[in-house]
Every structure is written in C-alpha cells, then in structure tokens.
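Going line by line, the protein sequences match chains A and B.
Positions 0 to 117 (numbering that gives the first Met the number 0) are the ones given, in order, by the first sequence.
Positions 0 to 307 (numbering that gives the first Met the number 0) are the ones given, in order, by the second sequence.
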Amino acid sequence: MKGLGELERSIMDIIWAQSSPVTAREVGRLIADRDLAPTTVMTVLDRLTRKGFLLRTRDGRAWRYESAESRDAYVAELMLGALDLTGDRSAALTRFAQAVSGSEAEILLRALTELEDE
Amino acid sequence: MITAAVLATLALVCAVGAWRFTRARWTYRAPHVAIVLWQALGVTWGLAGTGALLSYALAPYGQGVLQGLRAFAVSALNGGYGPAEPYGLPRILALIVGLTALTVLIVVLLTAGVQTLRARHHHRALLALVSRDDPEVPGVRVVDHPGPAAYCVPGLRSQVVVSAGTLKLLSPAELTAVLAHESAHVRERHDLVLLPFAALRRALPWSRVVGRIQTEVGLLVEMAADDVARRYCSPRRLASALLRFGTAGAAPAPHGALGVSDSCAAVMARVERLVTPGPELPRRIRYSIVAFSMTLTASAPLLWLMPH
Numbered sequence: 000m001k002g003l004g005e006l007e008r009s010i011m012d013i014i015w016a017q018s019s020p021v022t023a024r025e026v027g028r029l030i031a032d033r034d035l036a037p038t039t040v041m042t043v044l045d046r047l048t049r050k051g052f053l054l055r056t057r058d059g060r061a062w063r064y065e066s067a068e069s070r071d072a073y074v075a076e077l078m079l080g081a082l083d084l085t086g087d088r089s090a091a092l093t094r095f096a097q098a099v100s101g102s103e104a105e106i107l108l109r110a111l112t113e114l115e116d117e
Numbered sequence: 000m001i002t003a004a005v006l007a008t009l010a011l012v013c014a015v016g017a018w019r020f021t022r023a024r025w026t027y028r029a030p031h032v033a034i035v036l037w038q039a040l041g042v043t044w045g046l047a048g049t050g051a052l053l054s055y056a057l058a059p060y061g062q063g064v065l066q067g068l069r070a071f072a073v074s075a076l077n078g079g080y081g082p083a084e085p086y087g088l089p090r091i092l093a094l095i096v097g098l099t100a101l102t103v104l105i106v107v108l109l110t111a112g113v114q115t116l117r118a119r120h121h122h123r124a125l126l127a128l129v130s131r132d133d134p135e136v137p138g139v140r141v142v143d144h145p146g147p148a149a150y151c152v153p154g155l156r157s158q159v160v161v162s163a164g165t166l167k168l169l170s171p172a173e174l175t176a177v178l179a180h181e182s183a184h185v186r187e188r189h190d191l192v193l194l195p196f197a198a199l200r201r202a203l204p205w206s207r208v209v210g211r212i213q214t215e216v217g218l219l220v221e222m223a224a225d226d227v228a229r230r231y232c233s234p235r236r237l238a239s240a241l242l243r244f245g246t247a248g249a250a251p252a253p254h255g256a257l258g259v260s261d262s263c264a265a266v267m268a269r270v271e272r273l274v275t276p277g278p279e280l281p282r283r284i285r286y287s288i289v290a291f292s293m294t295l296t297a298s299a300p301l302l303w304l305m306p307h
C-alpha cells in the first residue's frame, strides 16, 4: 500500500494529464493501482480539494474535479520561495547560495575546477 | 532604582555592542561562537530595554520587575489600591512604553513563528505534489525545474530539496558537498537561530542596523554550515559549487531582498574561507566568548527578579 502522499501525487498527475474535469470513477479507472477502493480515491480527492489543489463542480450526482493550478505553476511557486524571489527574507527556508555576478567569480571558479583536474 | 539604571546600561551596551559587532571580522573564524554571542546580545537587549522601563515604573512597589508587574496587576484588579507613593507622570509613561514594547516583542516573535510554520506547511504540501525521489540522490526531494536551487525545509521532519537543474549543474563531488551543507542546517536547526532576527527585522523594517544584523547572522549561519560540511566533503568542491550556483543563478535580486553586491560579497567571503581558511580562533578566546554570552543571557532575567 502506498503512502497517502504518494497517492495524492499520482492522483494529481492523473488529473493534470486530463484536458477536462474528471469524476472520481474516472480517476479510479486511470490509476495504476487497481486494488484501490473507490472510497479511498474519493477521500484523497476530497482532501486535495480541501487543501485548495483541486476545484470541483457538480455534474448530476457526481463531482467533477480539475486542478486549481497547472503543475508548472506549482513548481514555479516552489522555486520562487526557494530562490527567495518573494523578497520577504523570511526564515521559512534555508537556502544554499545567493546570486553572484562579475568576472571575478567566474575566474575563481575556473581556477578551482582546474585544480581538480591536476 | 539601581536595577533600572543597571538594566538601562545593559540595554545600551548591547545596542552599541551589536552595532560594533556587525563590523567585526573575527566572526568568520568562529561562526558558531559568533552566533551564540549574537543570540545573547539579542535576548539581553530585549529584556534589559523593556526591563529598565518597567523597573523604573514599578519602583514604588519595591519588589522588582517581575513581582512588581504582579503587584501592579493585583492592585489594578482591586480597584487601584496601589503603592503608598504617588504615581508620577514619568512613571506612568515608562509603564506604558515598557509594557507596549514588551508586548510588541512577544507578539512579533509569535507572529513570525506562526507565519513561518504556515509558509513551511504550504511549501511542504506543494512539494508533496510536484517533487519526486531520484535514485541518484536518495533521501532528497527533486523538483523538475531547470534553475539551480538547493535548500532545506526545516522542521521536525526536515526535507532537503534540490532542483533538476542543480543535478545537471554540479559534479557528483559538488553535489555531495551541497547536501552536506544542507544537512548541517537541518541538524543544527539554523532556522530557529534565524527566526528571531527575521522577526525583529519585520518589527523594525526601517532600522538599517537591524537589517545589517539579520544579514550578518544569515551569513554566519551559512559559514557554520560550511564548516560542518567541510568535515564530510572537499572544501574546494563546496566552494566551486557555491560559485557555480551563484553564476548560474543570475536571478535578479527582488525589491527588498539582499542586494546583488551584498550577496556577491557574502558568497565571495564564504568561498575565500573555504579555499584559504584562516587560523581558527584560539580555544581560550572561543571559550571566553561563550562564557561571556552565557553570563550576559543570564544577567537580564536575574535583574528582572531582583527586588529594588
């Protein structure tokens, strides 16, 4: 049995791959893990909706789900936080390095990598 | 009255000390020790500054700051039966300013803590959806993005994250160095070190000294992580990873963030001490600074407890 996080990710991947909103039943059909109970799929879809990653609309007696944002938009948001481009300089993450500019850095880098080859 | 004067002096000494300390360069030779001193200065400045005002304001109770505050609260609840000595305007002002400052400091710290936790929670939720495992780097989350990024999301279950661009950019030895650096952040909980300084910065955004202090502590934390990492990897590879990262990033510094020239100097300072490490600060001096920091940290709370 996969963990909940793993399941959420694969369900999001399925929904991102669809061009139109899908029902829970369709998600269940598309998912690789055939043994998954329909209620589990429903639960995960519900969780993702509550977290704001999915939007749902009524379609007869079922819900149709679509992603709130594209995968790329989420990746971009992560990277904005990671590179601290939001500019709030919060302590939420610790980052490896900031940008450097100038030829000095490049010369130094070349010198350092040449040392490696010796 | 004496306590108030001592606390005021202590606050002043801390403020002047912090201002001078931002220019100190021996800190690069012992970043861990310098961080301890910064924390001591911060805590003492806050407690001594507010304590001085409150100590003066509550002097008529003759019970010191902490007991005085209790006595004040009790008399306020009992319909204003206070001390025998009449309450002058200066004391009332000191009381208002002192209580306000204390409240602001506490609220700002708590808000910063809550906001940080919330930002991390959101970041983690996103990460869970779009990151993947990579057999090349076990235990590290990989995000498919061409830009260079390596960071950690601190917490009880810390996660180290790198972008696909990073995996492409760095050699295996450099990647090892970067991961060693990030796990040092995780192990030593550097996020908790940075939190109060970021909070103070948010409370006093116009203060240039506070801005410089935050930058300085941020740099010291990076150097501390570099020092831990160099035990597990080649310092040269860590330095070249830093440079590769910095030159490849070329992300424009956003408004309000560290200026490019500042950040450039910071990266260069880190590279320099990795490639040509200076002599370590003598053990005797390091221990004295730690002992001094501990005494400083203990002094303000003791003065809060002292009667008169």
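Just so you know, even glycine gets a beta-carbon here, dropped at the ideal spot from N, CA and C.
Partner residues on chain B for GLY80 (chain A), Cβ-Cβ distance less than 7 Å: For GLY80 (chain A), the residues of chain B that pass the 7 Å Cβ criterion are HIS122, in the order they occur in the chain.
Span of the alpha helix (DSSP H), counted from its first residue to its last, around THR38 (chain A): First-last of the alpha helix (DSSP H) with THR38 (chain A): 37-49.
Boundaries (first-last residue) of the beta strand (DSSP E) holding THR63 (chain A): In the sequence on display, residue 63 (chain A) carries Arg and not Thr. 61-66 is the extent of the beta strand (DSSP E) around ARG63 (chain A).
CB of LEU280 (chain B) within 9 Å of CB of ARG229 (chain B), strictly: In this structure, LEU280 (chain B) sits away from ARG229 (chain B), with a CB-CB distance that is not shorter than 9 Å.
Residue environment, GLY291 (chain B), which counts as buried when at least 16 other CB atoms sit within 10 Å: According to the sequence provided, residue 291 (chain B) is Phe. The question's Gly does not apply to it. With fewer than 16 Cβ atoms within 10 Å of its Cβ, PHE291 (chain B) is classed as exposed.
Under 9 Å between C-beta atoms of ARG285 (chain B) and VAL32 (chain B): Yes.
Cβ-Cβ separation, GLY154 (chain B) to ARG396 (chain B) (assumed contact under 8 Å), whole Å: There is no way to answer for residue 396 (chain B), as the model of chain B reaches only from 0 to 307.
Within 9 Å, strictly: CB atoms of TYR64 (chain A) and LEU44 (chain A): Yes; because the gap between Cβ atoms is below 9 Å, this pair is in contact.
Own chain, CB closer than 8 Å to ILE91 (chain B), minus 5 neighbours either side, in chain order: Excluding residues within five positions, the ones whose Cβ falls inside 8 Å are ALA56.
Partner residues on chain A for LEU128 (chain B), Cβ-Cβ distance less than 7 Å: Around LEU128 (chain B), the beta-carbon contacts reaching into chain A at under 7 Å are GLU7, ARG8, MET11, PHE52, TYR73.
With 16 other Cβ atoms within 10 Å as the buried cut-off, status of MET222 (chain B): With 16 or more other Cβ atoms from the protein chains shown falling within 10 Å of its own Cβ, MET222 (chain B) counts as buried.
Under 9 Å between C-beta atoms of LEU242 (chain B) and VAL270 (chain B): Contact: yes.
Contact set between GLU76 (chain A) and chain B, taken where Cβ atoms lie within less than 8 Å: What GLU76 (chain A) touches in chain B, judged by beta-carbon distance under 8 Å, is LEU125, going in chain order.
Which of helix, strand or coil DSSP assigns to SER157 (chain B): Reduced to three states, the DSSP call for SER157 (chain B) is coil.
Residue burial classification, PRO171 (chain B) (beta-carbon count within 10 angstroms, cutoff 16): Its Cβ having fewer than 16 others within 10 Å, PRO171 (chain B) is exposed.
C-alpha gap between VAL220 (chain B) and ARG283 (chain B), whole angstroms: Cα to Cα, VAL220 (chain B) sits roughly 22 Å from ARG283 (chain B).
Proximity to GLY59 (chain A) [Cα-Cα], best of A:THR22, A:SER18, A:ILE10, A:LEU77: Nearest of A:THR22, A:SER18, A:ILE10, A:LEU77 to GLY59 (chain A), Cα basis: A:THR22.
Proximity of GLY41 (chain B) and ALA7 (chain B) at Cβ, strictly below 9 Å: It is not a contact, given that the beta carbons lie outside the stated cut-off.
Bridge partners - CYS263 (chain B), DSSP secondary structure assignment: The partner list for CYS263 (chain B) (beta bridge, DSSP) is empty, contrary to what the question assumes.
For VAL161 (chain B) and GLY67 (chain B), the rounded distance between their alpha carbons: Distance between GLY67 (chain B) and VAL161 (chain B), taken at the CA atoms: about 53 Å.
Residues in the stretch 128-155 of chain B having any Cβ partner in chain A nearer than 7 Å: Taking 7 Å as the Cβ-Cβ cut-off against chain A, the residues of the stretch 128-155 of chain B that qualify are LEU128, VAL129, VAL142, ASP143, HIS144, GLY146, ALA148, ALA149, TYR150, CYS151, VAL152, PRO153.
Minimum Cβ-Cβ distance from SER162 (chain B) to chain A less than 9 Å: SER162 (chain B) belongs to the set of residues whose beta carbon lies under 9 Å from a beta carbon in chain A.
Unbroken beta strand (DSSP E) run spanning TYR150 (chain B), endpoints: Looking at the DSSP string, the run of the beta strand (DSSP E) that includes TYR150 (chain B) is 149-152.
Bridge partners - ARG131 (chain B), DSSP secondary structure assignment: ARG131 (chain B) is bridged to B:VAL141.
Min CB distance HIS184 (chain B) to chain A below 9 Å: Answer yes: the Cβ-Cβ gap between HIS184 (chain B) and chain A drops below 9 Å somewhere.
Chain-ordered neighbours of THR112 (chain A) on chain B, where CB pairs are closer than 7 Å: Within chain B, the residues near THR112 (chain A) are SER239.
9 Å Cβ cutoff, VAL274 (chain B) in contact with chain A: Output row for VAL274 (chain B): interface = yes.
Neighbour-count burial assignment, ARG236 (chain B), 16 or more Cβ in a 10 Å radius: A residue is called buried when at least 16 other Cβ atoms come within 10 angstroms of its Cβ; ARG236 (chain B) meets this threshold and is buried.
Best match in B:VAL192, B:ARG24, B:GLY146, B:PRO59 for proximity to GLY80 (chain A) [C-alpha to C-alpha]: It is B:GLY146.
DSSP three-state assignment for LEU203 (chain B), whether helix, strand or coil: Correct three-state label for LEU203 (chain B): coil.
Identity of the residue in B:LEU302, B:VAL208, B:THR43, B:SER239 nearest ALA104 (chain A) by Cα: The candidate whose alpha carbon is nearest that of ALA104 (chain A) is B:SER239.
Selected residue, minimal CA-CA separation from ILE34 (chain B), among B:PHE196, B:VAL64, B:VAL15, B:PRO300: Here the closest residue by C-alpha is B:PHE196.
Cβ neighbours of GLY277 (chain B) in the same chain (closer than 7 Å, five flanking residues each side left out): Closer than 7 Å at the Cβ level, and outside the excluded window around GLY277 (chain B), lie ARG28.
Contacts around ASP143 (chain B), its chain only, beta-carbon distance under 6 Å, and the 5 residues preceding and following it disregarded: Closer than 6 Å at the Cβ level, and outside the excluded window around ASP143 (chain B), lie ALA163.
Check: ARG24 (chain B) C-beta below 8 Å from any heavy atom of the ligand MG: With respect to the ligand MG, the structure offers nothing, as it holds no ligand at all.
Burial state of GLY2 (chain A), where buried means 16 or more other Cβ atoms lie within 10 Å: Answer is exposed; the Cβ neighbour count stays below 16.
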